């Protein structure tokens, strides 16, 4: 009997090695180097294994959820995938199923080291997701963790799971707003979103083979209904709104239209079917060209507002009833007014790319403004440190601690916006026109080398910025003047310098741009500047 099972199991593994195109697929058991000669397979005749039940159904066996791989040593992985806020790469060039398995081992080992054996896992709608998440989950289980697999969800639903389920650790497999061949890992361990040295610590675990082995478990959990129920129980609209919802074929499509409809909205869906090819437009509402379809549909239907989500649903873009793009820092003005009205003296955090108009406005409301570094992980850490009730980034990440959990959630932020709009007699366009609005540039990216970007920023600290210049150097160099400001910072995720300018007149805007142009050319004469 054992010989038959061993031979048949070996045949099944050979079948599983081939995907639909006949290419090799690194399944979990291949990582364990099992063969018909050396595999001794304890099994139960009662429960199926989720990873193999389609292929192994005739055998009705269950293999242990974790098999020790302590004898295996993790291979070498590209340094480039271990980034400031997450782990991210191009599939299959720098990120493979094998990579996902070992990253699961590293995350599981770190979570256990911090006393958290329970880890929630979700994925977005990218085509590489099913294979990568299978290996990620297997790696976590093989480290000894108990995995709650929440399936295809937007990132906020995974963050929600890591707040309300048994454990406070979670991993979201997502490429966010990157091109379709990207994928990556956003990681929470014991309630802390990993960034910078914490990401590098995972890399060091792999380099040093500092990995635990154990018998974990895998459980499928439906988190979307619970997530939806909690939002619809918290947010109440005063009147019905007509809303165009553009999910950009991203993961928000599995829940956002239904959830917002349950709030008493008439929903006009746009690209809400999940498609990892992103066939209609890139799922990045921070780029104006990706809002063209949304603006057209809002005007065509006479909607009250238009909402756009990025590829994993943790960011939101907004257009008014007339089709005007509301930048995230102006959206934060509205949210700050709402939150501070109930919470006098509340701290409100915003990143260095946001408008200069936020600081005096938040003070006028009775709140305490705090400018901080760009990056969702860094903002969340600062919120925990300060107890801030609200934060926002120019990229469209909005973080509510008041009435919510403090993580970036494009869907919840959209619901809070609709709640406010439903109580207003004015239109969205009229409402946002009441807030100050300077002349500003979109984000300008200048390509440099990974090695030079930080040295250029360092050199600019001692630049001649002119009379009345007030420097902020927490993240790059931001120079505020009486009537405007400019920023140059090094991107933490790509080899580019990021610039933005704002002023109350076109003439002042050009003057500030000219100052930055001169100083950048002084420290890096070969830079190609588009302004």
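Residue numbers (the numbering used here): 475 to 1005.
The beta carbon of each residue, even a glycine, is placed where N, CA and C say it ideally should be.
Computed from a predicted model, the values in this text were never measured in an experiment.
- Residue 928: member of the alpha helix (DSSP H) spanning 927-934, first to last residue.
- In the pairwise beta carbon analysis, the segment 966-982 is classified as touching the segment 896-915: at least three pairs are separated by under 8 Å.
- Looking at the backbone, the Cα of residue 635 and that of residue 644 are separated by about 8 Å.
- In the three-state DSSP reduction, residue 793 falls in the strand class (E or B).
- Judged by DSSP secondary structure, residue 574 falls within the alpha helix (DSSP H) whose first and last residues are 571-587.
- Assigned with DSSP and collapsed to three states, residue 633 falls in helix.
- Taking a 10 Å sphere around the C-beta of residue 725, we find 16 or more other C-beta atoms and assign the residue as buried.
- For the segment 898-961, the full-length alpha helix (DSSP H) segments reaching 4 residues or more read 902-906 and 927-934 along the chain.
- Between residue 743 and residue 719, the C-beta gap is smaller than 8 Å, which places the two residues in contact.
- Between the C-alpha atoms of residue 929 and residue 996 there is a straight-line separation of about 13 Å.
- Two segments are said to touch when three or more pairs of C-beta atoms, one from each, lie closer than 8 Å; by this definition the segment 644-662 does not touch the segment 547-554.
- Beta-bridge partners assigned by DSSP to residue 620: 592 and 691.
- Burial state of residue 785 is buried, judged by a 10 Å Cβ sphere holding 16 or more other Cβ atoms.
- Annotation for residue 562: the continuous beta strand (DSSP E) segment containing it runs 561-564.
- Judged by DSSP in its simplified three-state form, residue 697 adopts coil rather than helix or strand.
- Residue environment for residue 935: exposed (fewer than 16 other C-beta atoms within 10 angstroms of its C-beta).
- Cβ-Cβ distances below 6 Å link residue 962 to 950, 951, 971 and 973 in the same chain, with the five nearest sequence neighbours on each side left out; the list follows chain order.
- Secondary structure note for residue 713: it is in no beta strand (DSSP E), with a DSSP letter that is neither H nor E.
- With respect to the 8 Å criterion, residue 739 and residue 715 are classified as neighbours on the basis of their beta carbons.
- Segment contact: the segment 675-687 against the segment 605-612, fewer than three CB-CB distances shorter than 8 Å; contact not assigned.
- In the three-state scheme derived from DSSP, where H, G and I count as helix and E and B as strand, residue 844 is classed as strand.
- Around residue 937, the same chain offers 951, 993, 996 and 997 as residues with beta carbons nearer than 8 Å, after the five sequence neighbours per side are excluded.
- Counting every other CB atom within 10 Å of its CB across the protein chains shown gives residue 900 a total below 16, marking it as exposed.
- Here residue 656 is not near residue 728, since their CB atoms are 8 Å or more apart.
- The beta-carbon distance between residue 821 and residue 848, rounded to whole angstroms, is 18 Å. This is too long to meet the 8 Å contact definition.
- The Cβ-Cβ distance between residue 813 and residue 737 does not fall below 8 Å.
- Inside the segment 712-789, DSSP marks whole alpha helix (DSSP H) runs of 4 or more residues at positions 730-736 and 766-775, from first to last along the chain.
- Annotation for residue 873: no alpha helix (DSSP H) segment contains it, though the beta strand (DSSP E) segment containing it runs 872-874.
- DSSP places residue 964 within a strand segment (E or B) once states are collapsed to three.
- In this structure, the alpha-carbon of residue 706 lies about 20 Å from that of residue 792.
- Annotation for residue 670: no alpha helix (DSSP H) segment contains it, and DSSP assigns it neither H nor E.
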